[in-house]
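K.L.:
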Ligand SMILES: C[S@@+](CC[C@H](N)C(=O)[O-])C[C@H]1O[C@@H](n2cnc3c(N)ncnc32)[C@H](O)[C@@H]1O
């Protein structure tokens, strides 16, 4: 499978992101537990359309929301327009590649939520991102990384599309159905997620759109080495947002890092 081209990694998919993710906020309490006691703004890497940014800001947390995707950030900016001035005033939106981030500031908390770390597609980019994250951390700061490992598909990757969503977009009444199919390149540790969206307008007309999301997966022992080699100590590792003990084949891992 060829690499997915382009800098706006979310491109046309952005318009479906909020419907796709729905009202998922299971991870918010985990981040709030740390965010509610920091002295600086929270640096959010891969803030996207603001799924976490907005509830954090509404709770009084200041957020510097960084993302590489102009289309995702335009959704965030549009949502901010609907917020009261005090909430809007707590959020700074920065369009930047996390691998090149240079804000000239240190933060007490850096979050890399919802598998954003998987979007650093090579070990080189993972290292560049970690170096940038570390540079933006104060001495006592925590970095929280939510990482996905496709254990369930490593043995056998089912080729057929799987229905993922069937929801109505409240903005326009379109019924959105989506299917995911997956290809794994085990040598390059790449996970290609092909998404097909079927959009049925209230008039009954149907259109189809397809996108491929490319992510890198990194196994726990590789992650441990990567973090240590890049100046991080692992303060905690969990198998979910409720601090579950990680199982051997845990697909979702939360890492709590500090500077070594
Ligand atoms: C799965 S989405 C998460 C969005 C949001 N944080 C959420 O939880 O809904 C991953 C986000 O990471 C962003 N991203 C991918 N590569 C990036 C990079 N190199 N630098 C900054 N953001 C990046 C994407 O544009 C996308 O918005």
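In our numbering, the protein residues as written are 84 to 343.
For every residue, glycine included, the Cβ atom is placed at its ideal position computed from N, Cα and C.
(1) What separation, rounded to the nearest whole angstrom, lies between the Cα atoms of residue 318 and residue 242?
(2) Report the three-state DSSP secondary structure of residue 319 (helix, strand or coil).
(3) Are there 16 or more other CB atoms within 10 angstroms of the CB of residue 201, so buried, or fewer, so exposed?
(4) Quick check: the Cα distance between residue 254 and residue 102, rounded to an integer number of angstroms?
(5) State the Cα-Cα distance for the pair residue 95 and residue 292, rounded to the nearest angstrom.
(6) Does the distance from the C-beta atom of residue 181 to that of residue 256 stay below 8 angstroms?
(7) Express the C-alpha separation of residue 262 and residue 314 in angstroms, rounding to a whole number.
(8) For residue 340 versus residue 225, is the C-beta distance shorter than 8 angstroms?
(9) Where does residue 110 fall in DSSP's three states?
(10) If contact is defined by three or more beta carbon pairs under 8 angstroms, each pair taking one atom from either stretch, is the segment 132-147 in contact with the segment 159-173?
(11) Would residue 146 be called buried (16 or more neighbouring beta carbons within 10 Å of its own) or exposed?
(12) Could you name each continuous alpha helix (DSSP H) segment of 4 residues or more that falls completely within the segment 128-204, going from the start of the chain to the end?
(13) Taking the C-alpha atoms as reference points, what is the distance between residue 240 and residue 294?
(14) Judging by CA-CA distance, which residue of 284, 100, 324 and 333 is the nearest neighbour of residue 302?
(15) Apart from the five residues on each side of it in sequence, which residues of its chain come closer than 6 angstroms, Cβ to Cβ, to residue 316?
(16) In angstroms, rounded to a whole number, what distance separates the CA positions of residue 214 and residue 197?
(17) If you draw a straight line from the C-alpha of residue 122 to the C-alpha of residue 297, how long is it?
(18) Buried or exposed for residue 152, going by 16 or more other Cβ atoms inside 10 Å?
(19) Given the structure, does residue 226 come close to ligand 1, in the sense that its CB is under 7 angstroms from one of the ligand's heavy atoms?
(20) Where do the N-terminal and C-terminal ends of the beta strand (DSSP E) with residue 216 fall, by residue?
P.N.:
Once the coordinates are examined:
(1) The count along the chain shown starts at 1 and reaches residue 318 at position 235. The count along the chain shown starts at 1 and reaches residue 242 at position 159. Approximately 38 angstroms between the Cα atoms of the pair.
(2) As a working note, residue 319 is residue 236 in the chain shown. If DSSP states are grouped into helix, strand and coil, residue 319 belongs with the strands.
(3) Along the chain shown, one-based indexing puts residue 201 at 118. Classification for residue 201: buried.
(4) Residue mapping note: residue 254 aligns to position 171 of the chain shown, counting from 1. Residue mapping note: residue 102 aligns to position 19 of the chain shown, counting from 1. Whole-angstrom Cα-Cα distance: 10 angstroms.
(5) Here residue 95 refers to the residue found at position 12 when the chain shown is read from its first residue. Here residue 292 refers to the residue found at position 209 when the chain shown is read from its first residue. Straight-line Cα distance between these residues: approximately 9 angstroms.
(6) For this step, residue 181 is matched to residue 98 along the chain shown. For this step, residue 256 is matched to residue 173 along the chain shown. No. Outside cutoff.
(7) Within the chain shown, the letter at position 231 stands for residue 314. Within the chain shown, the letter at position 179 stands for residue 262. One C-alpha to the other measures close to 40 angstroms.
(8) Here the question's residue 340 lines up with position 257 in the chain shown. Here the question's residue 225 lines up with position 142 in the chain shown. A contact, by the Cβ cut-off of 8 angstroms.
(9) Mapped onto the chain shown, residue 110 falls at position 27. Reduced to three states, the DSSP call for residue 110 is coil.
(10) yes
(11) As a working note, residue 146 is residue 63 in the chain shown. When all chains shown are included, residue 146 counts as buried.
(12) 136-141, 153-164 and 168-171
(13) Sequence index remark: in the chain shown, residue 240 carries index 157 (1-based). Sequence index remark: in the chain shown, residue 294 carries index 211 (1-based). Straight-line Cα distance between these residues: approximately 19 angstroms.
(14) The count along the chain shown starts at 1 and reaches residue 302 at position 219. Here the closest residue by C-alpha is 333.
(15) Position 233 of the chain shown, counting from 1, holds the residue named residue 316. If we look at residue 316 and ignore the five residues flanking it on each side, its Cβ neighbours are 341 and 343.
(16) In the chain shown, residue 214 corresponds to position 131, counting from 1. In the chain shown, residue 197 corresponds to position 114, counting from 1. Using only the alpha carbons, I get a separation of about 20 angstroms.
(17) Walking along the chain shown from the start, residue 122 turns up at place 39. Walking along the chain shown from the start, residue 297 turns up at place 214. When rounded, the distance between both Cα atoms is 35 angstroms.
(18) Position 69 of the chain shown, counted from the first residue, corresponds to residue 152. Residue 152 is buried by the Cβ-count criterion.
(19) Mapped onto the chain shown, residue 226 falls at position 143. Result no, Cβ not under 7 angstroms from ligand 1.
(20) One-based indexing of the chain shown puts residue 216 at position 133. No beta strand (DSSP E) contains residue 216, which is instead part of the alpha helix (DSSP H) from 206-218.
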